[in-house]
Structures are given as structure tokens and as C-alpha cells.
Amino acid sequence: MHWKSFVALTTLAAAVQAAEKKAVSASAKSSTTAAPKSTAAAPAASSSAAAAPASPLSGGTNPLAITIPSIPQTTSYDVNTECQAYSVPGLTIDPKQWPTIWDTATSNGMNTSAEFTSLYNSIDWTKKPSAAVRKATAAGGLDFTGYNAQTDPDCWWSSSLCTIPKGAGINADIYRCEEPETWGLTYDDGPNCSHNAFYDFLQAQNLKASMFYIGSNVLDWPYGAMRGLKDGHHIADHTWSHQLMTTLNDQEVLAELYYTQKAIKFVTGVTPKYWRPAFGDVDDRVRWIATQLNLTAVIWDLDTDDWAAGSSVPQATVEQTYLDFIAMGTNGTYATKGNIVLTHEIDNTTMALAVKYLPQIKAAYKNVLDVATCNNITNPYMEDSVTMTPFGNATTTNTTTSAGASGSGVAPAASGSAAPATSAKSGASALTAPASLLALVALAVFAQ
């Protein structure tokens, strides 16, 4: 989704956030106990960053050995059942140790905490690029006034689609699969609390994707994040609250990335080295801050606009976009390189579209793979406990993990409602959509 899409979403965002926070509040009440002791190393690249809270994974447990229980939220295909708040035994989520769910990640005193202060002060900010903090318009979009898009001094993707930093010591973006005839499979804004049938479908199709998880969703729906890793997907950072990153100050950018890394580490046991900016909004200042956390941005070169299907974009238009992209798999467009396609697990519509078109995508492309595998990245996490299979050893249209992250035996984890700032259908519809919609997805799982 391009940043311009954000403008059409701001009116509905407040209502969606209210629904999300209501669910979060119920979850917090069911899981909050005494503050857990910090034991695990911080995910930040800097050695002075503070520790993550204790969790079932703090003692060195293999992240892929975590058992996801067969509770209604992890096995049902009924959205109202899937999206009921739950707690995870041994996983104490103390609200005092985290930013406020869906607020900027410096909230709840995080920006003045000893943990964050130590992290911030460990970075040499004199080396930061001079790109200014961007301004947002009254409608919630980006203000490009005064910025020279032709010279593009700050490699501002929202202005120029620039992916190669102008400054030194900054990780360049990944925007395509290097392997030819390859569809780079990615899903943003999870974990979604109503994704059981969708994840079962991916498992049945032997497909692995890059899952860009929002920190707030990870804490809301931890079993969903656990299942993503256990099923062998590539788990990556999608910020804490899904905001236009270039409009945030340095502390806010750092916190959005760090606390999402921390949440994913806390819940799954792995710390991502890859992230995706909300709306693709990134420039060299934001990239540089991400680089301090050993994070590399993953953008895309094809956008389905699936998040808007049936709202700001007719569903027929989105389906034609899918068909156009599928045709590129056989017409030579990707004969020498692959693509990375932007899709979402925001709601029932986006997941149902994926179920409908993935068999055609598999038929049209030689490979359908997560971003790590299609770029021969075998270590997408800071830990060595989970690795990805090299492209040459991966099954066609499939990626596995060398530590055995094949699909879990149960029908696991409902998790995560969608990102409030992402779509008119995000979050709220995940909590209220008719179960019949997801039942269509369920039928597709068994029809293959």
C-alpha cells in the first residue's frame, strides 16, 4: 500500500483503534501479573540495549518446539471465537514494560525508561543523515512541499521509490527476489486473530511467506505469532503502531522498531533482522536508525491493493490486478529476476483473495517463496536457533527452516487483529465480520 492510501483511511482509524483497544484491554486483564524479570539479551545491535522480559523461551527453549494448545481460539474457523482474548501460560505481559497498544511506541513512559535511554545513548547520533522529520497533511498524508523529488537527496521512497541509500553505512532496501521466475510471497499487518483457516491453507499448499508482524498485534495475539514461526514462515518487523515513519522523530522511529523486535523476541524467541515500513514510507534517516538495530527494509515492486478491495477500490479491480500479476509469471516479465508482492492478512477479504489466487500463482511462477529464501538469506534472525533453507535446497514453491519449522501438527493459533491504521477493514472487521466469509476460506483449504 502506498502512503497516499493512508489519507482515505484516517476517518475510520479511530473507530478501528477503539475496537482493537477494547480487545486489548480484555486481554491485558486476563494476563497481567507481577512484572517479570528481564533475562534475555536485547534485540538491538547495540550491546548497551536492555533486556527483554522473561518468557517460556527465556531458558533457551527451541522456538520451534513451543506447543500451541488446541484451544477454541487456535482451532476454530469462527471469527468471533478466534478473536476472543486469551492468556498464554508462562507468558506474562506486564503493560508497564511495553508501549501502549496502538499508540506511538514512546508512549507509556518508554522514551524515559532506563531500557530505552540506554539503547538511545548507545547510538552515535552524530552520524545520522540530515534528512528532516517530514510533515503530515491535515488529511493524514505526506507533505512534499519543498522536497526535490528529482535530486531526491534523502532517498525518500514515498517521493521517488528510491531503494539505494545516498549515505554510507545504511542498509539498502530489498525490493525484489533475486531468483528468476519467483513470486515473493509477503503478508503485512498480522498476526490476525482470524487467520486459522488461512494459515491452514498455506500449510496445505506447502507455502511459506514473509510475515510482517505489527508489535501491538504480537502482544495481543501471541499464539498467532508463535504459529507463524512454527509453520516455517519468515517473521519480520512491521513497526509497533503502523505509522508514516518519516513523520516520526528519532526517538519515535527507534522505539517503533525496537519494541516490535522485542515483542517478537519475547513471544517467538527470535529477533528479526528485516522490517517493512508502513505504507513504504522510508528515507535515509529512518533507514539509518533501522540499521543501528541491524534491520534491513523490505519493500515491494508489485502492490495488489488487496486491503482496499470492496471499499475504496472495487473488488473486481483488485482481482484483475491479481490476474495481471499472475500473467507476468508466464510472459517473460520475470525471466531474469523475481518480484516481491504486497498483500495483507488484514481481514477475511484479503485472506480469501489469497486463497483464491495462490493456486494460479503457483501454476504461473516457477517458485513462490518467502523473501528470505528467494534472496538466499539463511539467517534472517539475530539468533542461530532458526534458519531458512538456501534457495538451491528449497522445494519449488516452498521454503523450510533448517531447525525443523515444518507445519505444526495442531490447527494452531488464532492471533492478531489487523492494523487499525492500515485499512478501513482492519481490526474492527476482523472482530465482527460474519463467520460465513471465513468459512469460504475454510472450504478452499479442503478443496485443493
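Numbering (mature numbering (1 follows the signal peptide of the UniProt record, and there is no 0)), first residue to last: -18 to -1, 1 to 430. Just so it is clear, CB atoms sit at the ideal spot from N, CA and C, and this is done for glycine as well.
Excluding the 5 residues preceding and the 5 following Arg151 in the sequence, name in chain order all residues of the same chain whose CB lies nearer than 8 Å to its CB.
-> For clarity, residue 151 is Gly in the given sequence; the question names Arg instead. Answer for Gly151: Lys109, Trp270, Thr273, listed in chain order.
Would DSSP call Gly172 helix, strand or coil?
-> strand
Do three or more CB pairs link the region 279 to 296 to the region 246 to 263 at distances below 8 Å?
-> yes
Close Cβ partners of Asn361 (< 6 Å) along its chain, the five nearest in sequence each way excluded | Thr369
With DSSP run on the structure shown, which of helix, strand or coil describes Phe126?
-> coil
According to DSSP, is Val368 helix, strand or coil?
-> coil
Per DSSP, Phe183 forms a beta bridge with which residues?
-> Paired residue(s): none; Phe183 is not in a bridge.
How is Tyr339 classed by DSSP in three states: helix, strand or coil?
-> helix
Taking Cβ to Cβ, would you say Leu226 is nearer than 9 Å to Asp263?
-> yes
Tell me which same chain residues have a C-beta within less than 7 Å of the C-beta of Arg303, skipping the five on either side of it?
-> The sequence given here places Thr at residue 303; Arg does not occur at that position. Counting only Cβ-Cβ distances below 7 Å, and skipping sequence neighbours, we find Thr286, Asp287.
Cα separation between Lys407 and Asp266?
-> Residue placement at Lys407 cannot be trusted, given a pLDDT of 31 that sits under 50; the coordinates are not used to answer.
In three-state terms, what does DSSP make of Ile217?
-> strand
Taking only the alpha-carbon atoms, compute the straight-line gap between Lys117 and Thr229 and give it to the nearest angstrom.
-> 6 Å
Measure from the alpha carbon of Cys175 to the alpha carbon of each residue in Asn153, Trp203, Thr168, then state which is nearest.
-> Trp203
Decide yes or no for the touch test of the region 229 to 248 against the region 90 to 109: beta carbon pairs closer than 8 Å, at least 3 of them.
-> yes
Residue span of the alpha helix (DSSP H) that contains Thr325, given as start and end = Thr325 -> not in any alpha helix (DSSP H); beta strand (DSSP E) instead, spanning 321 to 326.
Grab me the residues of Ala317's own chain with a C-beta within less than 8 Å of its C-beta, minus the 5 sequence neighbours each way, in chain order.
-> Pro162, Glu163
Write down every uninterrupted run of the alpha helix (DSSP H) in the region 95 to 174 whose length is 4 residues or greater and which is fully enclosed by it, in chain order.
-> 96 to 103, 139 to 142
Whose C-beta lies closer than 7 Å to the C-beta of Glu327 among residues of the same chain, with five residues either side of it excluded?
-> Taken in chain order, the residues that qualify are Tyr169, Asp171, Gly172, Asn174, His177, Phe180, Met333.
Under the rule that 16 or more other beta-carbon atoms within 10 Å means buried, what is Thr21, buried or exposed?
-> Model confidence at Thr21 stands at a pLDDT of 32, short of 50, so the residue's coordinates are unreliable and nothing is read from them.
Around the C-beta of Lys244, are 16 or more other C-beta atoms found within 10 angstroms, so that it is buried, or is it exposed?
-> buried
Give the single residue among Asn199, Leu101, Ser367, Tyr347 whose Cα lies nearest to the Cα of His224.
-> From the listed residues Asn199, Leu101, Ser367, Tyr347, the smallest Cα separation to His224 is found for Asn199.
Return the CA-CA distance between residue 431 and Ile146, expressed in angstroms with no decimal places.
-> Nothing can be reported for residue 431, as the shown portion of the chain is limited to -18 through 430.
Run through DSSP, which three-state label would Trp257 get?
-> strand
Output the distance between the C-alpha atoms of Thr209 and Leu239, rounded to the nearest integer angstrom.
-> It is Arg, not Thr, that sits at residue 209 in the sequence shown. Between Arg209 and Leu239, the C-alpha separation is close to 22 Å.
Cβ shell of Val295 (< 7 Å), same chain only, five flanking positions each side left out | Asp287
Go to Tyr316, then tell me how far its beta strand (DSSP E) extends in each direction, as first and last residue.
-> According to the DSSP assignment, Tyr316 belongs to no beta strand (DSSP E), since it is labelled neither H nor E.
Which residues does DSSP pair with Ala279 in a beta bridge?
-> Trp257
Just curious, the alpha helix (DSSP H) that Val350 is in, first and last residue?
-> From DSSP, Val350 is part of no alpha helix (DSSP H) but of the beta strand (DSSP E) over 349 to 351.
When the Cα of Asn357 is compared with those of Asp136, Asn44, Trp165, Leu275, which residue comes out closest?
-> Trp165
Let me know the secondary structure DSSP gives Ser198 once reduced to three states.
-> Note: Ser198 maps to helix in three-state DSSP.
Under the rule that 16 or more other beta-carbon atoms within 10 Å means buried, what is Gln132, buried or exposed?
-> exposed
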